[in-house]
Every structure is written in structure tokens, then in C-alpha cells.
């Protein structure tokens, strides 16, 4: 993790762009997904039976890119081009450019219903793959999240897993409350975990149920850099070059 | 036209296993047989248009061909960002079948009117917009485009022209040739426009695709120094294309509009009542065109 976070801090500093703290809150989840759960590799990136992952909270792209580079979907050189005019890596992921990115996301509340559509398509095609999506607690302000939460159990999508990155982004505006109880009441099989515990993440993401699964991941925004943790100032901000060394030293 | 939509889609469901129909709790009775025959590809998703459009994008990303259907304002205006991001920006194919453009549902009031649909969707760069004038024209245009990998809006109307033309996607047709002006008209407005132009020395160009707009047809058929655009939606919705066509022709015609005025309609009644109120009956159109030429 430290190694991935170091890269993220470096490319965010270099580009002057990136939602670092929100990437850090889901980094273990992303890593477990690509390292142990999804049946996707750079070689099987367009295999029809592959699992699908949708980063509904697309602004955490910088975390996804770091993981994609680590797993060989993109090169280190590409990773370091993040945010440049000609780069394939922008502030929000673009499916038409980045190998391993299934959906272009950015506007909140779009990825989750697209994941519902992907899961439904797999059912129609009688394919075995699973669909995973990560949404944020801030994103849960969007009506489409709850429309999708209603839809997936109704359509019996047992191949869908929605991970709620509960990093308390929105405690300052519209508080989400007990998200597990909410998903449960909508008909989901829910699992609450510490979103930074890789074993707990793995167990939750490989759990099986006849219902769609909602994993409520308690996370810390900015996890791993003490001065960023729980600090809204770092929601969308990059370190200045002269600050980088100090952050790298802080990394745990 | 709605009946033809049912017939056409039922037919293609049988032959193309990629087709998936998503209804927004509209036309459910019409598709009662399709529900039975294709339970895995015909869904009454519910009254959640934004998520339905995104869901359709998910289907499309998995190589299915979604057809989303509900009333025009809910599919175009409520779900615009979903159409723009999930279909337009992602560059994937899907079909949006809106029923009741403009004021087909006159008595329902302004919430159910949608004369802005074409102007709005023209802001999604790769959007195709098809406005059939008759059920038969819908059938041939839908078959030609539903699987073309682009987002396509079909603007269905509760009214249609008496006569069908052998229309082609992306092409305008010359219905009548004349010298004093070129009348550009679209879809179900042709009926009134033809009646209005009887005996008038004008060219009538008939469009059933408005995006992409057949600029060549207009550029090569600008008669006289006037273009009169008869639009079944907000007047001026086609102005960018009209201007580009004139530029292509190196001409500077004056452009006149006979379409839905850009104001809310706070009246009820039926379509005919609103036509009369907005001066869009065949007789009104004739009077307005005569004045212009």
C-alpha cells in the first residue's frame, strides 16, 4: 500500500491534479479487487467472460490508475503522464482510452446503474462473471443510487456487488446515516467491514448470496497520511513539490 | 405510430437476440405479448428514467442493443446527463423512443410537453435524431439505424402524415420543386405543410433525420432568397444546420420560422386546439408562408 500511495502522491504532485484522499480511502479495496478477485488481466482485458469493475466515484481515478499500472494494464510511463494534455489518464477515467477501464465515469450516480445494466446483460447472456462497483457516501446523495438500490434486488442480480466507500465525505452536508440498514431494507445482502482490512475485503468480495451484495466499507479519507486523514481540505488538492517529501515521510 | 413501434420491436426481438426493451411504465399493455415471449429481454423497469438510461448503457457496454421508451420529457429532459455521459461521451449505441413530442398530450399541460427535445439533443455531439412522419417511415428508419452503434433518439408522435415516403436515414427528400422559397419541414408536420403549399411556387424539402442534418440537400436546393423552416418543435431548433447549409451554398437567404414558439403553453384541449392557438394549422401556415414570399 505504501508503495502505491507513494506513486499516487508523486503523480498528483507532478500533475497538480487528483483526488488523493478519496483514492486513499479505497486503495486496499481496489488492490484486493485487481490482485485477488477480478478475473481480469492485461491479456484478458476484452474477454467476454471477464468480471466487470465500475468505479462509480470516478474522481478516485488516480487510485485506479496506480493499481492498473501495478498490474501491468498500463505502463509506469503512462502512469506518470497523468493529467497531461495527451495522456490517456485524466481526472476521471475514460473507457475509450484506458485498458482495463470498463466505464467512463465522473458525474456521480452514473456508474452504479451502469453496473446494474452490465449485471443484467450478463444474466441475459447467461454468463458467469460478476460485476463490482464502488460508490461513495457522498455519491449516495444522488437519487439514482437509490433507484439502482431498488432495481438490483428486484431484478435478482446475484452477480452484482456494490461497495460503499463510507469515508464520511458528506458528513458536512447531507448525512447518510446507517447505510447498511438502508441497503438491507432495499433487499440487499449486506456485509459491513473495515475498508482497510485486506482479508475482510477479500472475504466480503468473494461472499455469495442469492441477493445482490452491498459491502459497507468503513474507510478513512486520506488514510495513511496523518495530516490528510479526515481533512476535507485535501478532498481535491495536490501537494506542492516542496511539500511532497514531508508527505512521503508521513506515509504509513 | 406507437402501434408500429410495438410491431417493429416485436419483430426484431425475434430475429436479433441483442435487442433489449426497457419501458418506463409506458406502453406496457401494448407490449403484453413481447413480455410473454421474451421475458429475459423485455422489462418494465419502472418510473426511474435516469437510472434506466444508465442501465441501458450498461447493457450496451455488454454488446446488447437497448431500446428505452417513455414519454418525451422524461427521456430527454430528465435523463439528459445520462444520455450525454453514458451514451454520448462513452460513444456507445442505444435507442431512445420518445412518444409525445411537443404538445401531443395537450391536455396534460406543460410538464408533459416537450418541444425542446430536438434542440436539447442536438447538443450531444454524436446523437442521431430521427423524426418519422408515418408508422411505415418509423419502421424503415428504425430498422436502418437501431444497431448502428450510435445513440439515436426517435421522436414519435401521436399524429402522422397520410402518405408515407421512401425515406432514407440521413437524407432529405424533395417533395415539391418551386422557385420562390425553400420550405424545410420535418416528420409529421409535412401533412399540413403540403396542404399549405398547394399551388405555391416553393420547394419543399422533407426531413425525417434532423441529426445528422442533410446539409447537402438544403445547400443544393435553396430556391430564391428565402428559407422557411416549418418545425414541429421549438422554432429555431435547426438554425445551426440551416446556417451551415447556406454557408455551403455560398448564399445568404433570409430564414423564417414556423414552429412552436418558445413559451410555455398554459392551455389544455387537444392537439388541434393548440395548433389553432399557436397558428400552426394548415390554413395558418399557408397564410404565413404567403406573407413571407
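Protein chains in written order, with the working numbering: chain A, 179 to 430; chain B, 6 to 298. Think of the CB as a built atom: it goes at the ideal place given N, C-alpha and C, for glycine as much as any other residue.
For residue 210 of chain B, the uninterrupted beta strand (DSSP E) segment begins and ends at 208 to 212. Exclusion of the five residues before and after residue 286 of chain B leaves 280 as the residues of its chain whose Cβ lies within less than 6 Å of its Cβ.
For residue 408 of chain A, not one C-beta of chain B is nearer than 8 Å to its own C-beta.
Bridge pairing for residue 24 of chain B: B/70 [DSSP]. Closer than 8 Å to the CB of residue 325 of chain A there is at least one CB belonging to chain B. At least 8 Å separates the CB of residue 111 of chain B from every CB of chain A. Two segments are said to touch when three or more pairs of C-beta atoms, one from each, lie closer than 8 Å; by this definition the segment 197 to 209 of chain A touches the segment 403 to 413 of chain A. Taken in chain order, the unbroken stretches of alpha helix (DSSP H) that lie wholly in the segment 113 to 162 of chain B and span 4 residues or more are 122 to 126 and 140 to 150.
As a beta-bridge residue in DSSP terms, residue 235 of chain B pairs with B/190 and B/263. For residue 289 of chain A, there is no enclosing beta strand (DSSP E); the enclosing alpha helix (DSSP H) has its first and last residue at 289 to 302. Using a CB distance cut-off of 8 Å, residue 274 of chain A counts as an interface residue toward chain B. Contact between residue 276 of chain B and residue 164 of chain B holds, with the beta-carbon distance rounding to 6 Å and staying under 8 Å. Residue 318 of chain A carries a helical assignment under DSSP once its states are collapsed to helix, strand and coil.
According to DSSP, residue 340 of chain A shares a beta bridge with A/311 and A/392.
Excluding the 5 residues flanking it on each side, residue 184 of chain B has same chain C-beta neighbours closer than 7 Å at 206, 228 and 229, in chain order.
Residue 178 of chain B is bridged by DSSP to B/211. For residue 188 of chain B, the closest of B/178, B/204, B/208 and B/123 by C-alpha to C-alpha distance is B/208. For residue 131 of chain B, the nearest beta carbon of chain A is not closer than 8 Å to its own beta carbon. Per DSSP, residue 230 of chain A lies in no alpha helix (DSSP H); the unbroken beta strand (DSSP E) holding it starts and ends at 230 to 233.
With the criterion set as a beta carbon lying under 9 Å from some beta carbon of chain B, the members of the segment 278 to 291 of chain A are 280, 281, 282, 283, 284, 285, 287, 288, 289, 290 and 291, in sequence order.
Uninterrupted alpha helix (DSSP H) stretches at least 4 residues long and entirely within the segment 25 to 112 of chain B occur at 37 to 42 and 54 to 66, given in chain order.
Counting only Cβ-Cβ distances below 7 Å, residue 86 of chain B has contacts in chain A at 285, in chain order. When secondary structure is reduced to three states using DSSP, residue 216 of chain B falls in the strand class. Ranked by how close their Cα comes to the Cα of residue 372 of chain A, the residues A/185, A/206 and A/198 have A/206 in first place. Taking 9 Å as the Cβ-Cβ cut-off, the segment 416 to 429 of chain A has no residue approaching chain B. In the DSSP annotation of this structure, residue 283 of chain A is not part of any beta strand (DSSP E), being labelled neither H nor E. Residue 45 of chain B belongs to the set of residues whose beta carbon lies under 8 Å from a beta carbon in chain A. In the pairwise beta carbon analysis, the segment 143 to 158 of chain B is classified as touching the segment 86 to 106 of chain B: at least three pairs are separated by under 8 Å.
Inter-residue distance for residue 354 of chain A and residue 153 of chain B is about 42 Å (C-alpha atoms, whole angstroms).
Proximity of residue 32 of chain B to chain A, defined by a Cβ-Cβ separation below 8 Å, is not satisfied. Under a 10 Å Cβ-count criterion, residue 401 of chain A is classified as buried, with 16 or more other Cβ atoms of the shown protein chains found around its own Cβ. Take residue 269 of chain B, set aside five residues on each side of it, and the residues of its chain with a beta-carbon closer than 6 Å to its own are 115, in chain order.
With respect to chain B, the C-beta atom of residue 294 of chain A has a partner C-beta closer than 8 Å. In the three-state scheme derived from DSSP, where H, G and I count as helix and E and B as strand, residue 385 of chain A is classed as coil. Here the C-alpha atom of residue 363 of chain A lies approximately 20 Å from the C-alpha atom of residue 310 of chain A.
Closer than 8 Å to the CB of residue 300 of chain A there is at least one CB belonging to chain B.
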